[in-house]
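Every position in the sequence shown, counted from 1, becomes a number in this note's numbering once 1 is added. All residues carry an ideal CB built from backbone N, CA and C; glycine is no exception. Contents: one structure, followed by commentary.
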Amino acid sequence: MPDDPNQLNTLLAPRYLFQFAVPVRPRKPIWSPRGVTLTEDHRLPDLAGLDRETPASERRFADVRMAWAPEGITVWVEVADKQQPVWCRETRLDESDGLHIWVDTRATHTVHRATKFCNRFIFTPAGGGRGDAEPLADQLLINRARENARPVRPRELQVASKLTKSGYKLAAFIPAVAMTGYDPSQQTKLGFNYAIVDRELGLQTFANGATMPFDEDPSCWATVEMVK
Numbered sequence: 002m003p004d005d006p007n008q009l010n011t012l013l014a015p016r017y018l019f020q021f022a023v024p025v026r027p028r029k030p031i032w033s034p035r036g037v038t039l040t041e042d043h044r045l046p047d048l049a050g051l052d053r054e055t056p057a058s059e060r061r062f063a064d065v066r067m068a069w070a071p072e073g074i075t076v077w078v079e080v081a082d083k084q085q086p087v088w089c090r091e092t093r094l095d096e097s098d099g100l101h102i103w104v105d106t107r108a109t110h111t112v113h114r115a116t117k118f119c120n121r122f123i124f125t126p127a128g129g130g131r132g133d134a135e136p137l138a139d140q141l142l143i144n145r146a147r148e149n150a151r152p153v154r155p156r157e158l159q160v161a162s163k164l165t166k167s168g169y170k171l172a173a174f175i176p177a178v179a180m181t182g183y184d185p186s187q188q189t190k191l192g193f194n195y196a197i198v199d200r201e202l203g204l205q206t207f208a209n210g211a212t213m214p215f216d217e218d219p220s221c222w223a224t225v226e227m228v229k
């Protein structure tokens, strides 16, 4: 029996039972040297709402928006409700507060191990530069991958952030060159998942959460459709 009498007793997180397809709108320009702010038209839906009142329920503390262009994709995040400073370390990126993104340019949801078309990126609001005050962007390897994606060159990934009293705002740009096989003129669908990691607030995810191996299994990711 669940500890909370109002909590649903389910063996699988409800999100796992669905294969989501979500439209993503374009933006021009997709990026600027100071970053961009995406409008509400670009907001991604709260798929984790399906898990509410189950053991897989997550706290929602971030507004996440996404846009695409032939040049690449941008994800914009606003994290609120924080009482503590962000925790970001360049030497411990995987444990830092920030935005993790998984992209499969072939949108293949029938495989359980990543291919060369699958990428994992991390963007943090701080942790770099003098006093660890600058945002960071990097590529991370996907565990158990059949073949690793092409290594991203320095400064290919772009990130801009602003710390606020209750959290931070962050804009991340992944250029087409950083995603093997990215070509919206030929393939309008991407496999996609995100995770916002926060030591204070917890974990916020998109297609599947902590009850599934979303960090390594492309079948756990949603489809985003790059509409015009």
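Spatial distance of Ile143 from Asn120 (CA atoms): Their Cα atoms are separated by approximately 7 Å.
Opening and closing residue of the beta strand (DSSP E) in which Lys163 lies: Secondary structure note for Lys163: its beta strand (DSSP E) is the uninterrupted segment 159 to 165.
Cβ neighbours of Ile74 in the same chain (closer than 6 Å, five flanking residues each side left out): Ile175
Rounded straight-line distance, which links the Cα of Ala134 to that of Ala177: The alpha-carbon atoms of Ala177 and Ala134 are separated by roughly 27 Å.
Three-state secondary structure (DSSP) of His110: coil
Residue from Gln188, Arg200, Glu226, Asn194 with nearest C-alpha to Asp216: It is Asn194.
Bridge partners - Leu13, DSSP secondary structure assignment: None; Leu13 has no bridge partner.
Ala22, buried or exposed, once every other Cβ within 10 Å from all chains shown has been counted against 16: exposed
Beta-carbon proximity check, Val160 vs Ala173, cutoff 8 Å: yes
Sub-8 Å separation of Glu59 and Thr165 beta-carbons: no
For Pro30 and Ala68, believed in contact at Cβ under 8 Å, the rounded distance: 10 Å between Cβ atoms; not a contact.
Helix, strand or coil at Arg26 according to DSSP, with G and I counted as helix: coil
Inter-residue spacing [alpha-carbon to alpha-carbon] between Thr55 and Ala14: 7 Å
Identity of the residue in Glu72, Arg61, Pro46, Val25 nearest Ser33 by Cα: Among Glu72, Arg61, Pro46, Val25, the Cα nearest to that of Ser33 is on Glu72.
Integer-rounded CB distance, given that Thr111 should sit under 8 Å from Ala150: In fact, because the Cβ distance is near 19 Å, the residues do not count as touching under 8 Å.
Buried versus exposed call for Asp82 [16 or more other C-beta atoms within 10 Å across all chains shown]: exposed
Residues bridged to Tyr195 [DSSP beta-bridge criterion]: The partner list for Tyr195 (beta bridge, DSSP) reads Ile102.
CB contact flag (Leu100, Ala223, <8 Å): Their beta carbons are not under 8 Å apart, which means Leu100 does not touch Ala223 by this criterion.
Residue span of the beta strand (DSSP E) that contains Pro138, given as start and end: The amino acid occupying residue 138 in the given sequence is Ala; Pro does not appear at that position. Looking at the DSSP string, the run of the beta strand (DSSP E) that includes Ala138 is 135 to 141.
Where Pro214 falls, given that 16 or more other Cβ within 10 Å makes a residue buried: Counting other Cβ atoms within 10 Å of its Cβ, Pro214 stays below 16 and is therefore classed as exposed.
Length of the line joining the Cα atoms of Arg114 and Leu141: 15 Å
Where the beta strand (DSSP E) containing Ile123 begins and where it ends: 119 to 129
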